[in-house]
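Step one of this worksheet: look at the structure below.
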């Protein structure tokens with residue numbers, strides 16, 4: 001119960017001071033393209049899970065992905081994030097081709113978020129020009145991880161993160177706050193794991209239930225606890241890039257981005273998934289729409305500035 005005893009206002013104030021000293025006032029904008037809702041995994045909390053038969057699946061074409069990346073560049077993003085379920089159609093060759101096209105045509109940095117893949121694939125994509133890789137560890141507790149991710153282990157996930165770092169990716173991770181079965185002690189271990197992994201980015205977003213999953217009836221995570229955890233991440237790993245998760249923006253409409261920025265966040269990821277597919281990337285219910293206009297409004301209201309091209 002140690003988290004309850006911590007004052008959110010004091011944590012936010014301390015995190016804001018550390019953020020100012022460590023990373024300055026800049027907020028980086030990374031354009032998110034969710035290009036496939038197919039997934040081979042069956043995670044208990046995720047609406048993209050393999051057994052969800054109620055989801056209208058989609059895969060964007062190369063042309064659609066490139067068009068989204070062009071829009072991201074036009075609207076001032078410095079990075080495009082290509083995110084997908086663990087879709088077998090995302091072959092090593094296709095992703096390498098996409099990375100090369102985006103780099104050549106837009107000049108944007110490219111972050112990939114495609115799940116656990118082979119070292120050969122990671123190496124090929126790095127050689128094609130990929131700059132970063134985002135692979136969330138979700139929870140630092142091995143038993144809870146195994147329960148929520150049938151057929152997978154936390155050790156396997158952490159091994160993938162280490163392989164990515166060994167290939168010189170700027171590596172990011174993340175975890176969920178408020179998972180059923182999670183304790184304050186597990187959250188403390190999450191924060192410490194992020195420090196030990198020496199990643200460049202970490203997101204912490206609240207658990208939000210999705211109606212077509214086994215955890216549909218579970219209670220959502222706490223916005224206050226999530227903000228406390230974000231502040232603790234900033235305090236424990238001062239130079240970390242911390243994004244405002246869409247889940248937090250969904251849980252606190254209108255105010256989520258500003259409150260997260262005041263708690264130490266310094267990255268926002270506006271969405272560039274085409275309108276026809278955006279609603280079908282349904283990881284959880286009630287997903288907020290985050291565009292570049294709302295992101296810039298939040299940055300201004302938090303008295304921050306949009307960052308130029310970043311080095312992390």
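Residue numbers (full-length UniProt numbering): 1 to 312. Backbone N, C-alpha and C fix where the C-beta goes; we use that ideal spot for every residue, glycine too.
The beta carbon of residue 287 sits closer than 7 Å to those of 246 and 250, all from its chain and outside the five residues before and after it, given in chain order.
The closest CA to that of residue 271, considering only 184, 129, 31 and 174, is found on 31. In this structure, the beta-carbon distance from residue 52 to residue 273 does not fall below 9 Å.
For residue 83, the three-state secondary structure derived from DSSP is strand.
Judged by their CB atoms, residue 124 and residue 80 are not nearer to each other than the 9 Å cut-off. Contact check for residue 50 against residue 37 fails: the beta carbons are separated by 9 Å or more.
The Cβ neighbour count for residue 203, taken over all protein chains shown within 10 Å, is at least 16; the residue is labelled buried.
Annotated as distal: residue 26 and residue 236, with beta-carbon spacing of 9 Å or more.
Between residue 228 and residue 29, the CB-CB gap reaches or exceeds 9 Å. In this structure residue 106 is not in contact with residue 137, their Cβ atoms being roughly 30 Å apart against a cut-off of 8 Å. When secondary structure is reduced to three states using DSSP, residue 252 falls in the coil class, being assigned neither helix nor strand. The beta-carbon distance between residue 258 and residue 302, rounded to whole angstroms, is 5 Å. This is short enough to meet the 8 Å contact definition. Straight-line spacing of the CA atoms in residue 59 and residue 216 works out to 25 Å. 64 is the residue among 64, 17 and 83 whose C-alpha sits nearest the C-alpha of residue 275. In chain order, 113, 115, 116, 157, 160, 161, 164, 171, 172 and 173 place their CB closer than 8 Å to the CB of residue 135, counting only its own chain and leaving out the 5 sequence neighbours on each side. Partner residues in a beta bridge of residue 102, as assigned by DSSP, do not exist. Residue state for residue 201 is assigned as strand, using DSSP reduced to three classes. In the displayed model, residue 282 falls within coil according to three-state DSSP, outside both helix and strand.
Secondary structure at residue 133: strand, using DSSP grouped into helix, strand and coil.
A straight line joining the alpha-carbon of residue 185 with that of residue 5 spans about 14 Å.
Distance from the CA of residue 207 to the CA of residue 92, rounded to the nearest whole angstrom, comes to 31 Å. Take residue 128, set aside five residues on each side of it, and the residues of its chain with a beta-carbon closer than 6 Å to its own are 96, 99 and 100, in chain order. The criterion of a C-beta distance shorter than 9 Å is satisfied by residue 292 and residue 75. Within the segment 17-92, the runs of alpha helix (DSSP H) that reach at least 4 residues and sit entirely inside it are, in chain order, 62-74. Secondary-structure assignment with DSSP links residue 113 through a beta bridge to 83. In the three-state reduction of the DSSP assignment, residue 95 falls in the helix class. Per DSSP, the beta bridge partners of residue 241 are 201. When 307, 153, 141 and 151 are compared, the shortest CA-CA separation from residue 177 is found for 141.
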